[in-house]
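The structure appears right after this line, and notes come after that.
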Amino acid sequence: MDRLTPLEIQRSTFPRRMGGLDPDAVREFLGQIAEQLEDEARSRGELRAQVARLTQEVDEYRQRADALNEAMVAAQRAAEAIVGRAEAEAQRMVSEAEALADRVVDDAARRAENIELVIGQLRGRRRAARSDLKRLVDLLQGAVRDDEAAEQRESDAPSVSFLRRRQSDAKGER
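Mind the numbering: the sequence shown is residues 43 to 216 in my numbering, read in order.
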């Protein structure tokens, strides 16, 4: 059976019989049914359009969601790769820093040993210089004592001696 349209319902006719129904009442009733069917058909069309629009939106959202998921997966992979590279770089930097620190510590230890050696040599030179200075002081003190003794001896003896001739000797020799 084909579906009836609201217009077909409104234009439909029925055979007349005796003592049958009131044709105006039937027409009025059929008109109401046709209006309701028309409203229903319009609502159904609107609903179908809305369903189609919503279906399209859902498809678009699914595509966006798929794209977002792919982007998130790619971002996660990129982040993991970046973190991996950063960790490797950090490990390399730490290794280089440790190696440099070891070299610096070794160099500092060698320099400290050299400084200790130089300090020891300087202490030895200081002791030798002090010993030389003491000997020089002793020598100078001895020279001062000798000079004082010589001065003392000189002050006891006359400094100028006069030699006089004897007069008797002087006449005979002439």
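By construction, the Cβ of each residue, glycine as well, lies at the ideal position given by its N, Cα and C atoms.
Burial state of ALA94 is exposed, judged by a 10 Å Cβ sphere holding fewer than 16 other Cβ atoms. Per DSSP, reduced to three states, the secondary structure at PRO65 is helical. In this structure, SER54 places its C-beta atom within 8 Å of the C-beta atom of LEU72.
Look at MET135 here: in three-state DSSP terms it is helix.
Under a 10 Å Cβ-count criterion, PRO57 is classified as exposed, with fewer than 16 other Cβ atoms of the shown protein chains found around its own Cβ. A residue is called buried once 16 or more other Cβ atoms fall within 10 Å of its Cβ, and ALA150, having fewer, is exposed. Within the model, the alpha-carbon separation for GLU102 versus GLU88 is close to 21 Å. No Cβ-Cβ contact shorter than 8 Å links PRO48 with ALA91. The criterion of a C-beta distance shorter than 8 Å is not satisfied by GLN98 and ALA76.
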